[in-house]
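Protein chains in written order, with our numbering: chain A, 1 to 209; chain B, 210 to 418. Note that the Cβ used here is the ideal one computed from N, Cα and C, for glycine as well. These notes concern the structure reproduced below.
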C-alpha cells in the first residue's frame, strides 16, 4: 500500500513493529490518535520513553521495579528462604493476585530456548545461583510454563542447583485438572499427572474455600 | 491487577487507551519494548509525536498529506471535475491501489452518526459544497460504506448537492456480488441490487481482465 504521507507511513512502520500488530491495525491506531486530542498522543509517547529509559530491575529478584530493591524483596514479613522462580513480571503479578504466596521471587527474564537463541547467559540464572550460595534458602519452587523450553530450563536449573554444596529443596508447581474443569476435556498428559501426583483427600478438603 | 512499578502501570494505561487493545495486550507490548533496544521505543515515541503534531490535511480534498495540497489534487493529469467522496484515507488508498481511478477525492473524515454524536458540522461537507460551487464539477461519486450511517450521509449529501444551482451528476459505487464470489453465499440485499443494476453483457466482457 502506498501512503499519502511520509509521516503516516513512518508511524505505521513503527507501530507495526510491535508483536501481533500488522500494517492495517497500525494504520487504524494512527488514525485513531489523529482523532483524539493531541495530549493523548503526547502522554502515550512520553510514557513509552519514560518507561523504557527509567525502568529498573530489582537487584535481588530482577523483577521490574521503580526502586533498587522491590517492595516484595524489602518486605520483612515475607519468607526470604522460599524462592519461586518465574519467567517474567506477569507471572509474579498472577501469583501475587492470589494473595496466598508468602515467599519471594526470582525473575529469570525468559526461558532457555535454542530456537529463539536464548541461552542460560541471557537469563538471570547466575544471579539465582549467587542468591542460593550467599543466603540461607530452604526451597526453590519452579513455576515456569510447561513447554519444551520451560522443561529445558527446569532441568538446567535443577542440575545447577542440586550440585551446589548444601542445596535447597527443589519443587515444581502442581500440574493437574483446573478447579472447575471437566475431566473429559482435559488433555491426557495433564490427566496422568493429576493421578500420579494425587493428594490425600483430607488435605484437599482443608484447601477448599 | 497490581503492577510492581508505577512506570509500568502508566505505560500500560496509555497503551490500553488505543482501540482494541486491553490491559493484558498493553502489558505484553510494554514488556516487548523492554526486551528491544532502547532505540526502538525512542523511534516509536518520536514518530507518534511527530505524526500527531506535524500531519497536515490537503486544503482541497482534506486527505492526510505532508503538503498544503496533496499529490493527487496537484496532479494535472487527473480529472478534477470528477470527485469521489470517501470516509477516510484508507478508502483513498484502497481506490488508488487499483490504479484505475483518474478523478480526485473528497475525504469527509467520517460519516454522519447520531449514535456516535457525529453531525454534518463535524465532517468536511461544507468544504465539498464550496468545491462544487466554485469549480466546474461534472460528477460526484459517493463511495461510503453501505451501512445505516453511510446511507444517512449519502442522503444528506444528495439533498445538499442536488438543490444547488447547476448541480453535478451524482452517482454511487456499484453494489453487487464480488468477482469470484459464489451466488449462494451472497446476502439477499446484495443479490437483489446486483440484479436490479445489471450491466449489458457486452460491456461486462470489455471489463474482464
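query	result
Under 8 Å from the C-beta of residue 329(B): neighbouring residues of chain A	Those within 8 Å of residue 329(B) in chain A number zero; the least Cβ separation is about 17 Å.
Straight-line gap, residue 360(B) to residue 403(B) (C-alpha atoms, nearest Å)	18 Å
Proximity test, Cβ basis, 8 Å: residue 71(A) and chain B	yes
8 Å CB neighbourhood of residue 340(B) in its chain, flanking five on each side removed	269, 292, 315 and 346
Bounding residues of the beta strand (DSSP E) (the contiguous stretch that carries residue 169(A))	169 to 172
Alpha-carbon spacing of residue 411(B) relative to residue 344(B), whole angstroms	35 Å
Residue 196(A), buried or exposed, once every other Cβ within 10 Å from all chains shown has been counted against 16	exposed
Cut-off 6 Å between Cβ atoms - residues of its own chain near residue 124(A), not counting five sequence neighbours on either side	62, 108 and 109
Backbone CA spacing between residue 391(B) and residue 381(B) [nearest angstrom]	24 Å
Residue 297(B) at chain A interface by Cβ criterion, 8 Å	yes
Span of the alpha helix (DSSP H) around residue 81(A)	First-last for residue 81(A): 79 to 86, but that is the beta strand (DSSP E), not the alpha helix (DSSP H).
Supposed contact pair residue 262(B) and residue 38(A) - C-beta distance, whole angstroms, cut 8 Å	7 Å
contact_flag[the region 250 to 265 of chain B, the region 41 to 52 of chain A] where n(CB pairs < 8 Å) is 3 or more	yes
Exposed unless 16 or more other CB atoms sit within 10 angstroms - verdict on residue 227(B)	buried
Min CB distance residue 32(A) to chain B below 8 Å	yes
Cβ of residue 66(A) within 8 Å of any chain B Cβ	yes
Proximity below 8 Å, CB of residue 386(B) to CB of residue 373(B)	no
Cβ pair residue 128(A), residue 142(A) closer than 8 Å	no
Residue ranges of each beta strand (DSSP E) within the region 279 to 350 of chain B, 3 or longer	288 to 295 and 312 to 316
CB contact check: residue 345(B) to chain E, cutoff 8 Å	The displayed structure is made up of protein chains A and B, and chain E is not among them.
Residue burial classification, residue 408(B) (beta-carbon count within 10 angstroms, cutoff 16)	exposed
Neighbouring residues, chain B, relative to residue 5(A) (Cβ below 7 Å)	264, 273, 274 and 275
Three CB pairs or more closer than 8 Å across the region 280 to 287 of chain B and the region 224 to 238 of chain B	no
Min CB distance residue 160(A) to chain B below 8 Å	no
Enclosing alpha helix (DSSP H) for residue 269(B) [first to last residue]	From DSSP, residue 269(B) is part of no alpha helix (DSSP H); its letter is neither H nor E.
Proximal residues, the region 233 to 257 of chain B versus chain A, C-beta separation under 9 Å	233, 234, 236, 237, 238, 239, 240, 241, 242, 243, 244, 245, 247, 249, 250, 251, 252, 253, 254, 255, 256 and 257
Assumed close pair residue 55(A), residue 214(B) - CB separation to whole angstroms, cut-off 8 Å	7 Å
Exposed unless 16 or more other CB atoms sit within 10 angstroms - verdict on residue 300(B)	buried
In DSSP terms, what residue 265(B) is bridged to	274(B)
Cut-off 8 Å between Cβ atoms - residues of its own chain near residue 355(B), not counting five sequence neighbours on either side	384
Cβ-Cβ distance between residue 111(A) and residue 153(A) below 8 Å	yes
Three-way DSSP call (helix, strand, coil) for residue 43(A) in this model	helix
Residues near residue 21(A) in its chain [Cβ-Cβ closer than 8 Å; skip 5 each side]	15 and 29
First and last residue of the uninterrupted alpha helix (DSSP H) at residue 368(B)	357 to 371
Chain B within 8 Å of residue 50(A), Cβ atoms only	yes
Residues within the region 217 to 229 of chain B neighbouring chain A, beta-carbon criterion of under 8 Å	217, 219, 220, 222, 223, 224, 226, 227, 228 and 229
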